[in-house]
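Here is the structure we will look at, set down as structure tokens.
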Amino acid sequence: MMNDFYIGQKVVCIDDKFKNVSIDQLIRKGQIYTVRWVGMYKHYVDGEFVGIKVEEIHRGNDDGPEGYGAADMPYRATRFRPLVKDKIGSLRKLLAPKPDAPVEPEKPAPVKKKEKV
């Protein structure tokens with residue numbers, strides 16, 4: 000999973016629901032973000048997971064009433080997927096004829112000369 004993400008990559012949020020958390024976690028489903036950090040993260044409640052931090056959000060210290068004291072805690076990478084341009088459109092382009100490809104003119108069929116006997 001970690002290899003699916005890299006710094007500077009555009010990602011889209013696919014899960015912005017947090018169970019048992021009433022504080023807004025700032026990410027929004029369908030919103031596009033830019034990865035600024037990716038790596039393994041170990042949280043004493045949530046365990047170990049691949050996490051990402053995004054350029055658009057700096058979470059600050061997690062020291063609220065439900066907080067765990069973490070500074071700028073990453074989100075689980077599973078909440079995001081890499082933003083992919085139109086995959087089907089890209090495949091269609093591979094199948095389409097290339098307009099810039101040089102077209103060779105058809106050669107006329109060789110004409111047989113008749114021999115006089």
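According to numbering that gives the first Met the number 0, numbering within the sequence shown proceeds without interruption in unit steps and concludes at 116. Glycine included, each C-beta is placed from N, C-alpha and C at the ideal position.
- Here DSSP, grouped into helix, strand and coil, assigns I26 to coil.
- Pairing K41 with E55, the inter-Cα distance amounts to about 22 Å.
- Annotation for P81: the continuous beta strand (DSSP E) segment containing it runs F79 to P81.
- Classified as buried, G50 has 16 or more neighbouring CB atoms from the shown chains inside 10 Å of its CB.
- In this chain, K106 is not harboured by any beta strand (DSSP E), its DSSP state being neither H nor E.
- Taken atom to atom, the span from the alpha-carbon of S21 to that of I87 is near 39 Å.
- Within the same chain, I31, T33 and L82 come within 7 Å of K9 by CB-CB distance, once the 5 residues on both sides are set aside.
- Closest in C-alpha terms to A69, from the list N60, A76 and T77, comes N60.
- The criterion of a C-beta distance shorter than 8 Å is satisfied by D71 and R58.
- Within its own chain, the residues whose Cβ lies closer than 7 Å to the Cβ of R35, once the five positions on either side in sequence are excluded, are I6, K52, V53 and E54, listed in chain order.
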